[in-house]
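Worksheet for the structure shown next.
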Ligand code: AMP
Ligand code: ZN
């Protein structure tokens, strides 16, 4: 399912360019356009799920795959040993601005405690 006007669905469809890091049947990972850390990659499902709050039990396998691909991206990017952060923002208060589920993989610098 693809949503009209969803920027990440357009990236999946190849209508907007991205710097791909990983792709398989279910998931795509690409460089964040405004990186907040030396390594900042987004892992997204190819299907349109707006937020984590919209995830249902049938998305369980997809969510697990997202985490595993995030870990693989961190290894490929060389931050698995130094450490990295995996973040999913959900809705406005979290700072979510793109309403297509995505996992941030951020590393390569020290990050403070989350407050
Ligand atoms: P969030 O605040 O969790 O919704 O994060 C959305 C992320 O998507 C931000 O870190 C943006 O920099 C990133 N972003 C927005 N548009 C693009 C794009 N066209 N290509 C890559 N990353 C993008
Ligand atoms: Zn979408």
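In the working numbering, the protein residues as written are 3 to 117. Glycine included, C-beta positions come from ideal geometry on N, C-alpha and C.
Checking the 7 angstroms criterion, the Cβ of residue 10 is within range of a heavy atom belonging to ligand 2.
Separation of residue 26 and residue 112 (C-alpha to C-alpha, rounded to the nearest whole angstrom) is 30 angstroms. Across the structure, residue 61 and residue 104 are spaced so that their CA atoms are roughly 13 angstroms apart. In this structure, the straight-line span from the alpha carbon of residue 15 to that of residue 38 is close to 25 angstroms. With a beta-carbon spacing of about 5 angstroms, residue 11 and residue 50 fall inside the 8 angstroms limit used to define contacts. A Cβ-Cβ separation of about 6 angstroms places residue 28 in contact with residue 67 under the 8 angstroms criterion.
Setting aside the 5 residues that flank it on each side, residue 48 is surrounded in the same chain by 14, 27, 28, 29, 30, each with a C-beta closer than 8 angstroms to its C-beta; the list follows chain order. In the DSSP assignment, residue 108 falls within the unbroken beta strand (DSSP E) covering 105–109. Relative to the Cα of residue 78, the nearest Cα in the group 18, 9, 41 belongs to 41.
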